[in-house]
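Chemist:
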Amino acid sequence: STGDGNIHNYNDPNEVRNCRLVSLVDLKLSKDYVRDSIAGYLNHLISLGVAGFRVDAAKHMWPGDLRAVFGRLHDLNSAYFPSGTKPFIFQEVIDMGHEAISAAEYTGIARVTNFIYGIKLADVFRHHNQAKWLKTWGEQWGMPNSNDAVVFIDNHDNQRGHGGGVLTFFEPRSYKMATEFMLAHPYGFTRVMSSYHWNRDFHGGEDHNNWQGP
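Residue numbering for the sequence shown follows this note's numbering, beginning at 231 and increasing consecutively.
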């Protein structure tokens, strides 16, 4: 634990998983009551026809706890999906290769996000790296196994500068080319960003309008 209960050291996996992320209330996932409550809510959504779930900030939860929750989930509603179909689950695990927690710790549970994917493609389509190197694109670039990865050009956070380094619709030509490459290439499970325009207002390198919704 830490003095204020919040995470300060991302090189300490215990602190990252046991302390609070930006003061958010933390559920005790090691308790069966908590696991049953979360799984019960997700199973209710499944009964309504929901097909899958994105787990936000998964690296702040112990892999064993997530596995226990996922193991309680029902098959999808057979009124809408083939009998025996499992919910599609993927976990947001930001792994840039310099912290104590890696995406590999979660790949045996469900797919994980690959944030490096969009950053590396941005380098190519901004002409900071040569396109010829894309011949070996995928695992040979040090990325997770294709069957474990969810890939994307940008997401709701990094298109607003939280993480940065990616292409967004504000660079339409390069963004379209990168998206086309992603959809044509066999690596990973692809996710296309659905977004909207907002009026950016930069001061000191920060967009003060990054909070705006549609």
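From the three backbone atoms N, C-alpha and C, an ideal C-beta is built for every residue, glycine too.
Do the CB positions of E436 and G391 come within less than 8 Å of each other?
Modeler: Translated into positions along the sequence shown, residue 436 becomes position 206. Translated into positions along the sequence shown, residue 391 becomes position 161. In contact: E436 and G391 (Cβ atoms closer than 8 Å).
Chemist: Name the DSSP bridge partner or partners of G282?
Modeler: Numbered from its first residue, the sequence shown carries residue 282 at position 52. Note: G282 sits in a beta bridge opposite F318.
Chemist: Excluding sequence positions up to five away, which residues of its chain have a Cβ less than 7 Å from the Cβ of W371?
Modeler: In the sequence shown, residue 371 corresponds to position 141, counting from 1. Here the set comprises K350.
Chemist: Give the C-beta separation of W292 and L259 to the nearest angstrom, bearing in mind that I take them to be a contact with Cβ-Cβ under 8 Å.
Modeler: Start at 1 with the first residue of the sequence shown, and residue 292 comes out as number 62. Start at 1 with the first residue of the sequence shown, and residue 259 comes out as number 29. Indeed they touch by this definition, with Cβ atoms about 7 Å apart.
Chemist: For F419, which beta-bridge partners are listed by DSSP?
Modeler: Working through the sequence shown from its first residue, we reach residue 419 at position 189. BP columns for F419 point to V380.
Chemist: Assuming the contact rule is C-beta atoms closer than 8 Å, L275 and A288 should be a hit. Round their C-beta distance to whole Å, please.
Modeler: One-based indexing of the sequence shown puts residue 275 at position 45. One-based indexing of the sequence shown puts residue 288 at position 58. Between A288 and L275 the Cβ distance is about 18 Å, and since that is not below 8 Å, they are no contact.
Chemist: A352: which of T343, D286, R250, F382 sits nearest, CA to CA?
Modeler: Residue mapping note: residue 352 aligns to position 122 of the sequence shown, counting from 1. Selected option, being the one with the closest Cα: F382.
Chemist: Can you check whether the CB of V323 is closer than 8 Å to the CB of V342?
Modeler: As a working mapping, residue 342 is identified with position 112 in the sequence shown. As a working mapping, residue 323 is identified with position 93 in the sequence shown. Taking 8 Å as the Cβ cut-off, V342 and V323 qualify as a contacting pair.
Chemist: Please tell me whether F283 and P312 are closer than 8 Å, where the distance is taken between their beta carbons.
Modeler: Along the sequence shown, one-based indexing puts residue 283 at 53. Along the sequence shown, one-based indexing puts residue 312 at 82. No, the Cβ-Cβ distance between F283 and P312 is not below 8 Å.
Chemist: Considering only C-alpha positions, which residue in the set Y417, Y271, K261 is nearest to S376?
Modeler: By 1-based counting over the sequence shown, the position of residue 376 is 146. Per the Cα distances, Y417.
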